[in-house]
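S.K.: From first to last, the protein sequence lines stand for chains A, B and C. Residues in the first sequence are numbered from 1 upward in steps of one, following the working numbering. Residues in the second sequence are numbered from 1 upward in steps of one, following the working numbering. Residues in the third sequence are numbered from 1 upward in steps of one, following the working numbering. Even for Gly, the Cβ is constructed at its ideal location relative to N, Cα and C. Just so we're clear, the structure is a prediction, and the values are computed from it rather than from any experiment.
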Amino acid sequence: MAQAESHPRKYKVIGTRPVRHDGADKVTGRAIYGADLRLNGMVHGKILRSPHAHAVIKSIDTSAAAKLPGVVAVTTSADFPDLQDKIADLGEGAVNLAHLGANVLAHGKALYKGHAVAAVAATSPHVAQEALSLIKVEYEPLPAVTWVLDAMKDDAPLLHDDVYTKSMGKKADKPSNIAAHIHFEKGDVEDAFAGSDLVVEREFKTASVHQGYIEPHVSTALWNQDGHLTIWTSTQGSFTARQQTAELLQVPISQVTVVPCEIGGGFGGKIAVYLEPVAAMLSRKCGRPVKMVMSRDEVFEATGPTPGSSMRVKIGATKDGKLTAGEAWLAYDAGAFPGGVIGPGCMCVFSCYEFPAARVDGYDVLDNKPKTQAYRAPGATQAAFACESVIDELAEKLGIDPIEFRLKNAAKEGTRRVDGPVYPRVGFIETLEAAKASDHWKSPLEGKNRGRGIASGYWFNIGLKSSAAANVNPDGTVSLLEGSTDIGGTRTSVAMQLAETLGITAEAVHPKVVDTDSVGYTDVTGGSRVTFATGLAAYEVGRDILRQMCERAAILWECDAAEVESVDGEFKTKDKRMTFAELAGKLSQTGGPVVGRATVNPEGPTNGFGTHIVDVEVDPDTAKVTVLRYTAIQDAGKAIHPSYVEGQMQGGAVQGIGWALNEEYVFDGEGRMANASYLDYRMPTALDVPHIDTIIVEVPNPAHPYGVRGVGETPIVPPPAAMAVAVYHATGVRMQELPMSPPKLWAAMQK
Amino acid sequence: MKAFEYAAPRSESEVLELLSGEAGHTEVLAGGTDLVGLMKKMIVTPDRVVSLSRVASLKKIEADSTAVRVGAMVSLDELAENPVSEFYPAIRQAIDEIASLQLRSQGTLGGELCQRPRCWYFRDGHGLLAARGKDVVEGDSRFHAIFGNAGPAKFVCPSRLAPALVALDARLRILGPHSNDETLMPLEAFYRTPKSEREREFLLDPNQFVAQVILPHPEGRLSASYEVRHGAGPEYPLVSAASSILVERGRVVEARVVLGQVAPTPWISREAIDAIVGRPVTPETAEAAGEAAASVATPLRDNEYKVRLAKVAVKRSLLKAAGLETGGF
Amino acid sequence: MAKKTHVATTINGEPMEFLCEARQSLLEVLRDNLAMTGSKEGCNNGNCGACTVLLDGQPVDSCLVLAVEAEGAEITTVEGIADDSRLHPIQQCFLEEAALQCGVCTPGFIVTAKALLDRNPTPSEHEIRFQLAGNLCRCTGYDKIIRAVQDAGKRMAAEARGASTTTNGSPARQQQKQAT
């Protein structure tokens, strides 16, 4: 891995705000998103979904649908290979293929409303929809469970008869909805609580919420007559999509090419495959390209959500404000299949602070919801809502300013997290200092029914595998090929790092996200990793190019390559110099093209910390909360393109506001999601939020040549806790349940 | 969407010729903001859709000294921007609460009044009564009716303009298949609480349609609408109220107080009216009117909160009509 | 196959005729029949605004318009916002101010913003937020979108003023940059 260079540094490209490379295509409607793809002979696939939250599928009769004029193929899980409990490593986590397959098309049992049961392809989407109504499915409905604590009861409806609680490496002897129990412990917890001057223990619960990306899932597959399968899709990871699809169809990965289209948001929800294998199977059956697009209600009912949770957090402190001990009990639902996000939840719950002793127990719990997926700092937001609420209450009871209380206990270089790792240089303290110095914190909040809240949050940010290659053009520009799908402007943040390394302008780099046959393996766009890890790959590509270009200059100058230096876009020896563009124009005379390449696999987290401040006003008669002012502060390590760093902070904050105030999955008496539309789900609109002010703190990451930490996920972690504290100061009520929707807040205010 | 035959007649009489007397066979298309979505989900599956978009007479706003006649195809934006709406603040305010440029320019007055309930069981294909009310009672009823909910219908009337229009004594001009079949119906009589899945939530035969909304001259009446919503966006209110009052010598001599989103029909609160008539509008009397309105509520398991909101909405709509500070935001 | 209807419209200034089924929405026809995929489908139910087009100058959710209803109408889509060789100030401001991330809601915002700014180039922040509340964005938190629309309005007003005195928009633009 590259060594960190000395900081602070003067950069020419990094820290500037160029127009993104894909910008003109995106503001003119030319960019091709998954649903925009059109292929000759293309037909349209649709999925029949379970109307029941939990039911045995006794039979499926597709014969009438197959006979409808215009229908070209029909499929069910019976067409797919039988997958044993094989575990596949998907980069950001392992997955049990039998479960993944049964999520894509139900095997024997429907486990949530919206669970895919069968699929058809037809010459028009309308015909496909009509065909679905001709498929006869005989169900035997079973009792359903959608609240995590109910699902943990001994007499709860059991989702799987082959899932046994895994706990500390041991497997239980009877099947259970509790798929896993996680336990961490540091120090003597009982002793530490006994030595505390003050202990606060509170219970919390949060509802399931959806990532809410505006683009529904979409996939087009062509299983060619030569056996090669090509998939065009909107995915966070084309290589993991390829791997999942190949595994589910039991074909070699070399037989599958995934072409990533532009992607309309993901936030963690577009990593698992849903449509790809089904479109592929339909294509194999009809020999034509099959396009499948989900409707919005399918997106809500069958993809995504992040877990609902039940949490208990207990924290002790001395009267001078030092934390003594922490204890957390976290139960997150995983939805219909094991493998939710309880792990990172447990690792993050106490990750902002130095705890001499702490214990964390976590439970991964099955219930009749869609299989939960990652959602921006998966698992951390729930945990931070609980932990930060208790931290605020402790600070208040101890009579210490909440920022000072955090500063006294803040995680810093050398702090050991409860789950083991020791932090390198991190920037949490700097975010707190920036909060303290901010105009927002220093301006008094005036007016009745108003309150201010502050909370912090942590997310790991990951490294993982990235590849990139770049070709030097004779006009001095560089074409960059990368495998990271671009959800929020990473083409530009990656290209800028290559430009900085080469000493050329951002505009002189032409980045392109290419398919799985055209670039080296690259992990998902997730874990806030692209600007960090793919950026690191771009830096290494730049170094590779510079090394080769120095050799070319040496040929021209008839000197030793070691005598040639590259500085700020120039190649020079003691007495000669040439610009990057000049040398690029002479490559054909010196041996031909120069192509740089790199693969990287940085390990360990890059540690993102943020602190948010919010002012709210609560209507005392209706308990409706209005956000008056918001400031998000975050350590970005180094902001490559500050506008897009700010954008991540603003977007995460507003998603967090939605989670805090309104968003939730509502289930009816039979466990069916009732509010599967944007209208009923209520995501924030432009009118629901104020401007989100941002303060970027830069404490360079020692593990990156430009100090990048990754920024995408941390901003969603603090908002619910900060909002709850603000609501407390406005109303006197500490809300321990999300969302703090008006009915719930009003009920709490009556107590 | 199921395939259907589309017709775009040019006149009111041509519309009538195209409408079938058989329930479910034809649907009348106005702005499409509700009907198209219902057809996509196959909740409504007509064989023929009769569009009103080419009928010029339905797009006019006509005013004389006694009334304003608004064609059913006038868009919500056109109505709010027309000078006549100055006389009817309750209407203008109700439209201004619809925070979607698109839905305001696309949605029409007639369509707004005839939109189908937002009840999520209805929208998921469980029928208007959703298993004769069982789905609501046993499921999540947070947005359902708190008044008039003793029968199987638990949904709420979704119209955001109906409370204001009922408060303003609006009438509908309804046309039917025969040449003399023109009904002038008070809007409050138009809505009904269905007792079976065969009944719709308004009194419109399959071969009738709403052509005009007639607003009597306010003659000095003050009016206002007030909505309580979760958020600020284009979502439907949790509860709304519209009040129309005639104030003489500082006292209310005549009042109409109508709640929205609380019952299968717009809910005229006799209790609130009795409480405010004869008194000046003050924060105290407005609050008392709200209390009176809420006193007869029969909330379901999950919607006690809406009773609270009913009080607030009535209070604030009265204060707003009287030009006083409402509190809240 | 369901019966098809002939529809004559003008799209982005050009006469355009198409055949469609009565059950096809305008959005579906634009995207599937006419290969104009700039208008996006986010919810197909009028709740997200990603499919917004101007129909006779009015912003509408094209997913809720039956294509047959567009007979005789003038339609403007995101593909028709830019000049031949130059982006519209709204598009330019979206780019310069990073008002998009994934970009899938962007066409809808740009078309809605055009409807708004054509009526009033100097709306307040609240007016912009109100008028754009029918468009959902999940990435940006709206902050940069609101600022970009506000700045675009100022540029449009400046360009309208400058049009009579200069042959191109650049002096007005530079002035505007200094002002912001």
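1) Is D517 of chain A near the ligand GTP - that is, is its Cβ less than 7 Å away from at least one heavy atom of it?
2) Is the beta carbon of L48 of chain A less than 8 Å from the beta carbon of L100 of chain A?
3) Where does the unbroken beta strand (DSSP E) through F184 of chain A begin, and where does it stop?
4) Counting only C-beta atoms, is K26 of chain A closer than 8 Å to chain C at any point?
5) Run down chain A in chain order and give the residues with a C-beta less than 7 Å from the C-beta of E94 of chain C.
6) Which residues share a DSSP beta bridge with E248 of chain B?
7) How would you label E219 of chain B, buried or exposed, when you count the other beta carbons within 10 angstroms and need 16 or more for buried?
8) Can you give me the C-alpha to C-alpha distance between A90 of chain B and T492 of chain A, rounded to a whole angstrom?
9) Just curious, the alpha helix (DSSP H) that A66 of chain A is in, first and last residue?
10) Alpha carbons only, please: which of A:G527, A:K322, A:G345 is nearest the one belonging to A357 of chain A?
11) Give the single residue among A:A121, A:V218, A:V258 whose Cα lies nearest to the Cα of H228 of chain A.
12) Which same chain residues end up closer than 7 Å to L407 of chain A when comparing Cβ atoms and leaving out the 5 residues on each side of it in sequence?
13) Does D36 of chain B come within less than 8 Å of chain C when only Cβ atoms are used?
14) So L26 of chain C contacts chain A; which residues on that side make the cut at Cβ distance below 7 Å?
15) From C20 of chain C to I487 of chain A, what distance separates their C-alpha atoms?
16) Going by CA-CA distance only, name the one from C:A50, C:E28, C:C48 that's closest to K40 of chain B.
17) Which value, in whole angstroms, describes the spacing of the CA atoms of R396 of chain B and H230 of chain B?
18) Since I believe G260 of chain B is in contact with P237 of chain B (beta carbons under 8 Å), could you give me their beta-carbon distance rounded to a whole number of angstroms?
19) By how many angstroms is the C-alpha of G339 of chain A removed from the C-alpha of M347 of chain A?
20) Just grab the DSSP bridge partners of T122 of chain C for me.
21) So for T298 of chain B, helix, strand or coil by DSSP?
22) Is it a yes or a no for the segment 6–21 of chain B touching the segment 44–60 of chain B, going by three-plus beta-carbon pairs under 8 Å?
23) Please report the distance separating the alpha-carbon of V645 of chain A from that of T694 of chain A.
24) Determine which residues share a DSSP beta bridge with H612 of chain A and list them.
25) Would you list the residues sitting across from I75 of chain C in a DSSP beta bridge?
26) Got a sec: is the Cβ-Cβ distance from M331 of chain B to anything in chain A below 8 Å?
27) Grouping DSSP H, G and I as helix and E and B as strand, with all else coil, what is R547 of chain A?
28) Please name the residue, chosen from A:I253, A:D364, A:C261, A:Q225, that lies closest to T235 of chain A on a Cα-to-Cα basis.
29) Helix, strand or coil: which one does DSSP assign to E292 of chain A?
30) Using beta carbons (cut-off 8 Å, strictly below), is N44 of chain C in contact with chain B?
31) Is the segment 199–210 of chain A touching the segment 273–284 of chain A in the sense that three or more CB pairs, one from each, lie closer than 8 Å?
32) Less than 8 Å between the beta carbons of P46 of chain B and Q115 of chain B, yes or no?
33) Q131 of chain C and L101 of chain B - do their beta-carbons sit closer together than 8 Å?
34) I believe A383 of chain A touches L330 of chain A by the beta-carbon criterion, under 8 Å. Please report the beta-carbon distance rounded to the nearest angstrom.
35) Please classify D143 of chain C as buried or exposed, where buried requires at least 16 other C-beta atoms within 10 Å of its C-beta.
36) Kindly say whether G327 of chain B, judged by its beta-carbon, lies nearer than 8 Å to any beta-carbon of chain E.
M.R.: According to the structure shown:
1) The ligand GTP is not part of this structure, which contains no ligands at all.
2) Note that the C-beta distance between L48 of chain A and L100 of chain A is not below 8 Å.
3) Residue range 178–186 is occupied by the beta strand (DSSP E) that includes F184 of chain A.
4) Closer than 8 Å to some Cβ of chain C, the Cβ of K26 of chain A qualifies, so yes.
5) Sequence inspection shows Phe at residue 94 of chain C; the Glu mentioned does not correspond to that position. Contacts between F94 of chain C and chain A, judged by CB atoms closer than 7 Å, involve V27 in chain order.
6) In the DSSP output, where bridge partners are listed per residue, E248 of chain B has B:R251.
7) The C-beta of E219 of chain B has fewer than 16 other C-beta atoms within 10 Å across all chains shown, which makes the residue exposed.
8) Each residue's CA atom was taken as its position, placing A90 of chain B and T492 of chain A some 51 Å apart.
9) First-last of the alpha helix (DSSP H) with A66 of chain A: 63–67.
10) Closest option to A357 of chain A, judged by alpha-carbon separation, among A:G527, A:K322, A:G345: A:K322.
11) Ranked by how close their Cα comes to the Cα of H228 of chain A, the residues A:A121, A:V218, A:V258 have A:V258 in first place.
12) Cβ neighbours of L407 of chain A beyond the five flanking positions: I429, L432.
13) Looking at the sequence itself, residue 36 of chain B is Val, so the reference to Asp does not match. Yes, contact with chain C.
14) Those do not exist, as L26 of chain C stays about 15 Å from chain A at its closest Cβ, beyond 7 Å.
15) Their Cα atoms are separated by approximately 34 Å.
16) The residue with the shortest Cα to Cα distance from K40 of chain B is C:E28.
17) Because chain B here runs from 1 to 329, residue 396 of chain B falls outside it and cannot be looked at.
18) With 8 Å as the limit, P237 of chain B and G260 of chain B qualify as a contact, their Cβ atoms being about 7 Å apart.
19) Each residue's alpha carbon lies about 15 Å from the other.
20) Paired residues: none, contrary to the question.
21) It is coil, neither helix nor strand.
22) Yes: the two stretches touch, three or more of their Cβ pairs being nearer than 8 Å.
23) So the two alpha carbons sit approximately 9 Å from each other.
24) Answer is A:A455, A:A632.
25) BP columns for I75 of chain C point to C:I11, C:L55.
26) This structure cannot speak to residue 331 of chain B, because chain B is shown only from 1 to 329.
27) Reduced to three states, the DSSP call for R547 of chain A is helix.
28) Checked all of A:I253, A:D364, A:C261, A:Q225; the closest Cα to T235 of chain A is A:C261.
29) According to the sequence as given, residue 292 of chain A is Met; it is not Glu. Here M292 of chain A carries a strand assignment [DSSP, helix/strand/coil].
30) At least one beta carbon of chain B lies nearer than 8 Å to the beta carbon of N44 of chain C.
31) Put simply, the segment 273–284 of chain A does not touch the segment 199–210 of chain A. Fewer than three CB pairs are less than 8 Å apart.
32) Contact check for P46 of chain B against Q115 of chain B fails: the beta carbons are separated by 8 Å or more.
33) Closer than 8 Å, so yes.
34) Confirmed, Cβ separation roughly 6 Å.
35) Classification for D143 of chain C: buried.
36) No chain E is part of this structure, whose protein chains are labelled A, B and C.
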